[in-house]
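Chains A and B supply the protein sequences, listed in that same order.
Residue 229 in my numbering sits at position 163 of the first sequence, and the numbers go up by one each step.
Residue 321 in my numbering sits at position 179 of the second sequence, and the numbers go up by one each step.
Glycine included, each C-beta is placed from N, C-alpha and C at the ideal position.
Values in this document were obtained by computation on a predicted structure and should not be read as measured data.
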Amino acid sequence: MSTLETIAAKVAAGERLSFDDGVLLFRHPDWIAVGALAHAERTKRHQDRAFFNRNMRIEVTNVCVASCLFCSFAKLKEGDPGARTMKVEEAWRELETRMDDPPSEIHIVNGLHPHLPFSYYEELLRGFKRIKPDVVLKCFTAVEIHFFAELYKKTYHEVLTELRAAGLDSLPGGGAEIFHPDVRTRIAHDKATAEQYLEVHDVAHRLGMKTNTTMLYGHIETFEHRVDHMLRVREQQDKSGGFQAFIPLAFHPEGNGMQNLPGPTGVDDLRTIAVSRLMLDNVDHIKAYWVSSTPKVAQIALCFGADDVDGTIVHETIYHAAGSKSPQGLTKDGLVRLIREAGFCPVERDTYYGVVEELPRAALPEGAVKVKERKAGKHLEVLS
Amino acid sequence: MTTSKVVAALLEREGLTPLLAARELGQEPPTGAAELLGNCDILALGAAANVVRRRECGDEARVYVPVPPPASAGVVVLTSSETARGTALLRRIAELRLLGPIGLRIVIDAGSLGLEIAQVALSFGASDLATPTASRRGLPMALEAYAKTLVKRREIAAYVERAGYAPVFVSEGHASTREDPVDSPSRANVDS
Chain A
67 MSTLETIAAK
77 VAAGERLSFD
87 DGVLLFRHPD
97 WIAVGALAHA
107 ERTKRHQDRA
117 FFNRNMRIEV
127 TNVCVASCLF
137 CSFAKLKEGD
147 PGARTMKVEE
157 AWRELETRMD
167 DPPSEIHIVN
177 GLHPHLPFSY
187 YEELLRGFKR
197 IKPDVVLKCF
207 TAVEIHFFAE
217 LYKKTYHEVL
227 TELRAAGLDS
237 LPGGGAEIFH
247 PDVRTRIAHD
257 KATAEQYLEV
267 HDVAHRLGMK
277 TNTTMLYGHI
287 ETFEHRVDHM
297 LRVREQQDKS
307 GGFQAFIPLA
317 FHPEGNGMQN
327 LPGPTGVDDL
337 RTIAVSRLML
347 DNVDHIKAYW
357 VSSTPKVAQI
367 ALCFGADDVD
377 GTIVHETIYH
387 AAGSKSPQGL
397 TKDGLVRLIR
407 EAGFCPVERD
417 TYYGVVEELP
427 RAALPEGAVK
437 VKERKAGKHL
447 EVLS
Chain B
143 MTTSKVVAAL
153 LEREGLTPLL
163 AARELGQEPP
173 TGAAELLGNC
183 DILALGAAAN
193 VVRRRECGDE
203 ARVYVPVPPP
213 ASAGVVVLTS
223 SETARGTALL
233 RRIAELRLLG
243 PIGLRIVIDA
253 GSLGLEIAQV
263 ALSFGASDLA
273 TPTASRRGLP
283 MALEAYAKTL
293 VKRREIAAYV
303 ERAGYAPVFV
313 SEGHASTRED
323 PVDSPSRANV
333 DS
């Protein structure tokens, strides 16, 4: 039978946790202890480094034929109030106006637009690369790739190969919601299934692409569903190995079909991060997406197993349509301060977790040096 | 809730056990305690503060509606005027719990600091929270408005319970009521 102590022993020995272990971690009343286990694991992998990047979010269309219950962003068709589809030139201009301090990554997530030609997306990507050839294009969720395959009568391999030829570098993790069919069929019945989502990533990984993956929690799912979701990610990662980061996304209830639900709490956010870190032993990074959880909770999450707070983002609209009170963007200085105040060393990364700049941590007061010496059992230790 | 072996090991590793023992005996904190707390692992700090909070304030968390009680010798109220935020705020709360007077009521103004942070703070030594939500007093009110008020109270009750505490609502007149457990789909999963 799982107990916190048997789980702690497994983690210390580098053993894989079971479904029952995961459920216990969600249910155990001592959630600080769960956080402590996750923090130890996070520290073993990343020491006191915390990652962020300079990215830019663009949503080129919010027209979407899917009817996901949790979504406050989508508009069913062009002409509906609030419906918007950018011309490619408009999207490019978003980058052009930021070339004095350019992002290293453009992150594009869209609605499933039924009438745009495939060439629109190819031209979109090509244009960004013309403006900034070294920008990394992390665009289109697996749900979009699946939709493209159906709409344009192509295989996943063909869609991805053609988009890669136009400049696509990586896929974001959006669209995973909850994999278990009991939940997925209720909240997102008319888009890619769990199997289709994972197959898209499988194909992408085999093409050499690195991708992320997500889980939307805090709505109608149970803890068992969350653990099941994590195990499916882990299983896929064993097969194809291309997931860089797992990103738990907090459900926001405003303006969507589940607005009667309360949404997750701060403790739930932190515990979910912690359990993710412990269950996903083959995924390097756990991201606390500050837009979904607020910058303050994301900062605390760095002590609960997360090692990444995402990036500057600039102009996020999907979560803000669902009532997120977080700012729409943070400056690099703001992210650095957030990380430093939590006692971590800020590391600006590129999309692939290559180090762009490793910034010094906040200066340790003299007392901290003494305490670290005592913990290390040393009379004198030079701290780097 | 008893201290798990995981937490006990964490407290031992961070050198916090003597401080907890001294406090339980009503003794002064060991020399250098403030420096130790200022530099120890934040989760160890939270775990230690939580142990002391349960010992001294029990398993209940007061929810002051709609405003916090006035600060006094035994009551500290933390509002948005605090400069500390996020992890720094949690550290400040835990240090108050571990070095402050026995049984100190530490009230977090959830209205200005946010319900999420207030909830997390309950596991870092805070004893109570205050929210601007309307109380049941003030009737008669429209049925719809009354229902909304109830939803808000239930939501706050769920936040407190998910942190592992039993909410006790305290209105301006200082009458307290314990909130009945709520059977929402998400809360049904929590053992606390």
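Rounded Cβ spacing between residue i and residue j (contact assumed at less than 8 Å)
i	j	result
LEU203(A)	LEU191(A)	6 Å
GLY253(B)	ALA272(B)	7 Å
ALA149(A)	LEU178(A)	Not really, about 13 Å apart at Cβ, beyond 8 Å.
ILE298(B)	SER269(B)	Going by Cβ atoms, the distance from ILE298(B) to SER269(B) rounds to 15 Å, so no, they are not a contact pair.
ARG111(A)	VAL413(A)	Not a contact, Cβ separation roughly 13 Å.
MET281(A)	GLY88(A)	With 8 Å as the limit, MET281(A) and GLY88(A) do not qualify as a contact, their Cβ atoms being about 12 Å apart.
VAL218(B)	LEU232(B)	Wrong, their Cβ atoms sit about 15 Å apart, outside the cutoff.
With 16 other Cβ atoms within 10 Å as the buried cut-off, status of residue i
i	result
ALA78(A)	exposed
TYR418(A)	exposed
HIS351(A)	buried
ASP399(A)	exposed
ALA163(B)	exposed
VAL375(A)	buried
MET345(A)	buried
ILE211(A)	buried
GLY280(B)	With a pLDDT of 40 at GLY280(B), under the threshold of 50, the predicted position of this residue should be treated as unreliable, though the coordinate-derived value follows. Classification of GLY280(B): exposed, given that the 10 Å Cβ count is below 16.
ASN176(A)	buried
ALA213(B)	exposed
LEU229(A)	buried
GLY308(A)	buried
LYS276(A)	buried
GLN365(A)	buried
GLU166(B)	exposed
PRO172(B)	exposed
PRO314(A)	buried
GLY174(B)	exposed
LEU240(B)	buried
ALA75(A)	exposed
ARG292(A)	buried
GLU81(A)	exposed
THR207(A)	buried
LEU273(A)	exposed
HIS255(A)	exposed
GLU301(A)	exposed
SER223(B)	exposed
GLN303(A)	buried
LYS153(A)	exposed
THR225(B)	exposed
ARG337(A)	buried
ASN24(A)	Shown here, chain A extends from 67 to 450; a query on residue 24(A) therefore has no answer.
SER265(B)	buried
Beta-bridge partners of residue i, as assigned by DSSP
i	result
GLU202(B)	ALA308(B)
ILE250(B)	LEU220(B) and LEU271(B)
CYS205(A)	ILE174(A)
SER84(B)	The first residue shown for chain B is 143 and the last is 334, placing residue 84(B) beyond what the model contains.
PRO412(A)	ALA116(A)
PRO377(A)	It should be noted that the sequence gives Gly, not Pro, for residue 377(A). According to DSSP, which records beta bridges pairwise, GLY377(A) is partnered with ASN119(A).
ASN278(A)	ALA311(A)
TYR283(A)	ALA316(A)
GLU424(A)	VAL413(A)
Heavy atom of the ligand ZN within 6 Å of residue i beta-carbon
i	result
THR280(A)	Looking at this structure, you won't find the ligand ZN or any other ligand, since it has none at all.
is_contact[residue i, chain E] using C-beta, thresh 7 Å
i	result
SER269(B)	Here chain E cannot be found, since the structure's protein chains are A and B.
For this session: Would you list, in sequence order, the uninterrupted beta strand (DSSP E) runs of no fewer than 3 residues that lie entirely inside the stretch 67-132 of chain A?
Result: 115-119 and 121-124
For this session: List in chain order: all unbroken alpha helix (DSSP H) runs of 4+ residues lying wholly within the stretch 310-369 of chain A.
Result: 332-345, 356-359 and 361-367
Problem set entry | chain B contacts made by the stretch 97-109 of chain A, where a contact means CB separation under 8 Å | TRP97, ILE98, ALA99, GLY101, ALA102, LEU103 and HIS105
Exercise. Using a beta-carbon distance cut-off of less than 7 Å, what residues from the stretch 353-372 of chain A approach chain B?
Worked result: THR360, LYS362, VAL363, GLN365, ILE366 and CYS369
Problem set entry | Residues of the stretch 309-337 of chain A with Cβ closer than 8 Å to any Cβ of chain B, in chain order | LEU327, PRO328, PRO330, THR331, GLY332, VAL333, ASP334, ASP335 and LEU336
Problem set entry | Interface positions of the stretch 177-198 of chain B facing chain A (Cβ-Cβ less than 9 Å), listed along the chain | GLU177, LEU178, GLY180, ASN181, CYS182, ASP183, ILE184, LEU185, ALA186, GLY188, ALA189 and ASN192
Exercise. Of all the residues that make up the stretch 210-227 of chain B, which are near chain A by a beta-carbon distance shorter than 8 Å?
Worked result: ARG227
Exercise. Relative to chain B, which residues along the stretch 403-416 of chain A have a C-beta separation below 9 Å, given in chain order?
Worked result: LEU404, GLU407, ALA408 and GLY409
Problem set entry | Ordered list of beta strand (DSSP E) runs contained in the stretch 138-201 of chain A, each at least 3 residues | 171-174
Exercise. Quick one, which residues of the stretch 143-174 of chain B are near chain A if we go by CB-CB under 7 Å, in chain order?
Worked result: MET143, SER146, LYS147, VAL148, VAL149 and LEU152
For this session: Jot down the residue ranges of each uninterrupted alpha helix (DSSP H) in the stretch 151-179 of chain B, minimum 4 residues, whole runs only, in chain order.
Result: 159-166
For this session: Entirely within the stretch 195-271 of chain A and at least 4 residues each: give me those alpha helix (DSSP H) ranges in chain order.
Result: 208-217, 222-232 and 247-253
Problem set entry | Residues of the stretch 70-85 of chain A whose Cβ lies closer than 8 Å to any Cβ of chain B, in chain order | LEU70, GLU71 and ALA74
Exercise. Listed from N- to C-terminal order along the chain, which residues in the stretch 225-259 of chain A have their beta-carbon within a distance smaller than 9 Å of any beta-carbon of chain B?
Worked result: none
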